[in-house]
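Line by line, the protein sequences are chains A and B. For the first sequence, our numbering assigns the number 109 to the initial residue and increments by one for each residue that follows. For the second sequence, our numbering assigns the number 109 to the initial residue and increments by one for each residue that follows.
Protein chains: 2
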Amino acid sequence: MLGIEELRLLFEDYLKENHFDQRPTALYDPVNYIMGIGGKRMRPVMSLLACQLFDRDVTKALPAALSVEIFHNFSLVHDDIMDAAPLRRGQPTVHAKFGLNSGVLAGDVMLIYAYDYLRHSPLKSAYAEMVNTLSKVAIKVCEGQQYDINFEQQTDVSLPAYLEMIEMKTAALLAGSLELGALAAGAGTEDRFHLSEFGRLTGIAFQIQDDYLDTFGDPEKVGKRPGGDIVQNKKTCLIIRALELADDATREQLLTLYGSSDYPPEEKINRVTDLFIQLDIPAFLKALRNQYQEQAYDHLDQVKAPADAKKILFDLAESLLVREL
Amino acid sequence: MLGIEELRLLFEDYLKENHFDQRPTALYDPVNYIMGIGGKRMRPVMSLLACQLFDRDVTKALPAALSVEIFHNFSLVHDDIMDAAPLRRGQPTVHAKFGLNSGVLAGDVMLIYAYDYLRHSPLKSAYAEMVNTLSKVAIKVCEGQQYDINFEQQTDVSLPAYLEMIEMKTAALLAGSLELGALAAGAGTEDRFHLSEFGRLTGIAFQIQDDYLDTFGDPEKVGKRPGGDIVQNKKTCLIIRALELADDATREQLLTLYGSSDYPPEEKINRVTDLFIQLDIPAFLKALRNQYQEQAYDHLDQVKAPADAKKILFDLAESLLVREL
């Protein structure tokens with residue numbers, strides 16, 4: 109039975125073995141660059157953990173794990189182009205370092221390799237289902253990204269619509285990472301469904317928490333000063349729910365503050381935060397997150413697998429979803 | 109037995125039935141736009157023709173045909189971004205009409221659907237091989253595109269390197285279109301190999317001919333004035349072979365003419381064309397094209413399929429590769 113850190117190291121070794129040393133180097137250098145600048149390898153570790161529920165030989169899920177990590181990095185490369193982002197994980201983004209064309213083309217070849225790695229999965233009977241699962245997730249991620257772009261221009265986004273966007277853009281890949289790992293181990297439909305739901309609901313809970321912590325988190329624990337999303341007028345669960353609940357006057361105040369860059373940041377953060385508190389947003393979001401988190405654990409309970417293997421997956425979720433907000 | 113035009117219409121009907129009416133429309137409108145502005149549907153027709161060699165029920169290859177057409181259009185959308193091209197088939201390119209972000213994201217979702225459509229192919233036993241074939245081709249197309257970008261900056265590209273780039277960037281997808289259609293009909297390895305080679309070699313022959321005709325074609329038959337590639341300093345078989353053959357003085361002349369925009373277009377075309385003729389480039393390229401064309405037909409001969417079905421594929425190649433250059 110391997111723990112999270114052991115699985116992460118196992119994956120890192122597999123990643124090294126599968127370094128892209130094909131030619132032309134102008135195509136594969138950006139791929140190796142983005143795959144190499146790290147991240148927590150959350151998704152591949154989830155694939156390996158899902159495999160371990162059904163088969164102690166987690167190496168069976170290494171190709172699936174690499175597939176989801178390549179897919180995730182493909183989406184980062186193209187999202188960074190769309191957001192015109194200069195930095196990713198503290199390093200220049202692919203398009204900033206290698207140019208727009210390299211960003212587009214390296215992303216494309218990564219999406220293809222995300223499919224192609226599934227071919228190396230040893231359980232051949234699961235191959236078709238693995239390819240279909242990747243496609244299903246990949247389509248959701250693209251659609252979610254488009255909704256995210258659309259929502260930036262809208263002031264009337266509903267909370268359910270926002271949560272659905274989050275589900276497509278981020279939670280679907282967490283669910284898919286678990287599903288692919290489980291498929292690689294030959295898990296049955298029902299167990300895969302509960303695992304997938306566990307991943308999806310954990311992903312949504314995490315994103316709600318992320319929005320909450322940006323404004324209401326303990327700066328020492330979160331590691332940054334609160335209010336970044338407010339300063340950047342970022343659409344979050346907080347502002348969306350606040351606009352839904354507010355009376356006309358408060359709504360007007362919120363819309364004036366949000367979307368303006370005339371206020372000094374501290375004043376803007378304080379005034380918006382006060383309005384959030386008046387509207388009881390923190391309590392609402394804590395409850396909402398807890399609701400998704402509990403539903404997620406209910407699904408994990410229903411997966412038929414050894415308790416000690418499930419415990420590691422539970423611990424991973426607990427490390428993501430802090431108990432005390 | 110269906111002819112080329114019947115197959116094209118069959119494909120157009122299938123394309124209409126499979127209109128992308130999913131949401132969000134901001135994602136799928138660009139997809140329907142590029143899929144709708146036409147083209148000759150050469151690749152899907154090739155898939156259907158390949159299927160017809162082994163199974164008269166060509167509808168079996170419709171999902172594969174749609175897959176290759178979606179893939180082809182994905183590559184056009186992203187290539188047009190990389191080339192900053194304003195027009196495609198006489199219409200605005202996707203990124204020109206819908207913006208860069210839509211071009212990137214619509215292309216991504218098309219690449220995913222190119223995989224996903226293979227799922228609808230009725231011969232389930234061929235599914236894994238179809239997915240692998242698409243990946244193999246898709247990787248070649250990306251690598252070929254990168255070589256094409258690289259070569260634009262180089263003055264020392266060899267003819268074999270240029271032909272390999274062409275093979276990857278365009279001929280591989282023609283080969284893949286035939287392979288996928290044959291797979292959908294349950295064709296065996298050997299027949300698929302010969303069909304694939306027929307497609308690959310026809311593709312290379314066609315591209316050599318294309319380069320030749322741009323400078324030496326009959327304007328009435330080609331439908332445009334000769335010399336466009338010369339005016340645009342485009343890297344072609346002609347200039348690459350000429351630079352390989354030329355003595356130092358001629359090479360100097362060619363490099364001065366090519367890469368300069370100081371000459372009046374007519375004078376530049378005439379002077380470069382004269383140098384090509386002095387170096388006997390037209391005869392060399394005719395012979396080279398014929399060599400690929402003959403090899404292509406040799407492979408078609410070796411496919412074990414009814415002569416009348418093979419005749420249609422032969423006629424398609426003949427319509428692409430004119431007898432008298």
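All C-beta atoms in this analysis are idealised placements derived from N, C-alpha and C, irrespective of residue type, glycine included. On a predicted model such as this, the values are computed, not experimentally measured, just so you know.
Residues are counted here when their Cβ sits less than 7 Å from a Cβ of chain B; for the stretch 115-135 of chain A these are P132, A134, L135, given in chain order.
Contact check between the stretch 311-325 of chain B and the stretch 185-201 of chain B: fewer than three CB pairs, one atom from each, fall below 8 Å, which does not count as touching.
Among the CB atoms of chain B, one or more fall inside 8 Å of the CB of Y255 (chain A). Interface flag for I189 (chain A) against chain B is set, since a Cβ pair is found closer than 8 Å. Taken atom to atom, the span from the alpha-carbon of E177 (chain B) to that of P152 (chain B) is near 6 Å. Between the alpha carbons of M273 (chain A) and M273 (chain B) lies a distance of about 40 Å. Distances from the CA of K124 (chain B) to each of B:I247, B:I220, B:L174 were compared; the closest alpha carbon is that of B:L174. With respect to the 8 Å criterion, A313 (chain A) and R397 (chain A) are classified as neighbours on the basis of their beta carbons. Three or more beta-carbon pairs separated by less than 8 Å link the stretch 370-377 of chain B to the stretch 338-358 of chain B, which places the two stretches in contact. One alpha carbon belongs to G296 (chain A), the other to I220 (chain B), and they sit about 25 Å apart. When the beta-carbon positions are compared, F162 (chain A) and A293 (chain A) come within less than 8 Å of each other. When the beta-carbon positions are compared, I420 (chain A) and L157 (chain A) come within less than 8 Å of each other.
Within chain A, the C-beta atoms nearer than 8 Å to that of I247 (chain B) come from V217, I220, Y221, D224, in chain order. In the pairwise beta carbon analysis, the stretch 126-144 of chain B is classified as touching the stretch 250-258 of chain A: at least three pairs are separated by under 8 Å. Beta-bridge partners of Q199 (chain A) (DSSP): A:R196. Taking all protein chains shown into account, T278 (chain A) has 16 or more neighbouring C-beta atoms within 10 Å of its C-beta and is therefore buried. Residues are counted here when their Cβ sits less than 9 Å from a Cβ of chain A; for the stretch 232-247 of chain B these are K232, Y235, A236, V239, N240, L242, S243, K244, A246, I247, given in chain order. DSSP places Y366 (chain A) outside both helix and strand once states are collapsed to three, so it counts as coil.
Uninterrupted alpha helix (DSSP H) stretches at least 4 residues long and entirely within the stretch 115-197 of chain A occur at 133-144, 150-162, 170-190, given in chain order.
Listed by position along chain B, the residues whose Cβ is nearer than 7 Å to that of R227 (chain A) are N240. The contact set of V176 (chain B) on chain A, defined by CB atoms closer than 8 Å, is empty, because the minimum CB distance reaches about 14 Å. With its beta carbon at least 8 Å from every one in chain B, L271 (chain A) lies outside the interface. When the Cα atoms are used, L346 (chain A) and F259 (chain A) turn out to be separated by approximately 15 Å. DSSP places T344 (chain B) in the coil class of the three-state scheme, outside both helix and strand. L303 (chain B) is not a Cβ neighbour of S155 (chain B), given a cutoff of 8 Å.
Counted as a single uninterrupted DSSP element, the alpha helix (DSSP H) harbouring P390 (chain A) occupies residues 389-410. Chain-order list of chain B residues neighbouring V212 (chain A): H186, I189, M190, V212, by C-beta distance under 7 Å. Here DSSP, grouped into helix, strand and coil, assigns G311 (chain A) to helix. With respect to chain A, the C-beta atom of E251 (chain B) has a partner C-beta closer than 8 Å. DSSP, read as helix, strand or coil, puts P414 (chain A) in coil.
When only Cα atoms are considered, Y235 (chain A) and V217 (chain A) end up about 20 Å apart. When 8 Å is used as the limit between beta carbons, N258 (chain B) is near these residues of chain A: P132, A134, in chain order. Taken atom to atom, the span from the alpha-carbon of T167 (chain A) to that of H228 (chain A) is near 11 Å.
Listed along chain B are M190, I257, each with a C-beta nearer than 7 Å to that of N209 (chain A).
Residue state for S266 (chain B) is assigned as coil, using DSSP reduced to three classes. The C-alpha of S243 (chain B) is placed about 16 Å away from the C-alpha of A290 (chain B).
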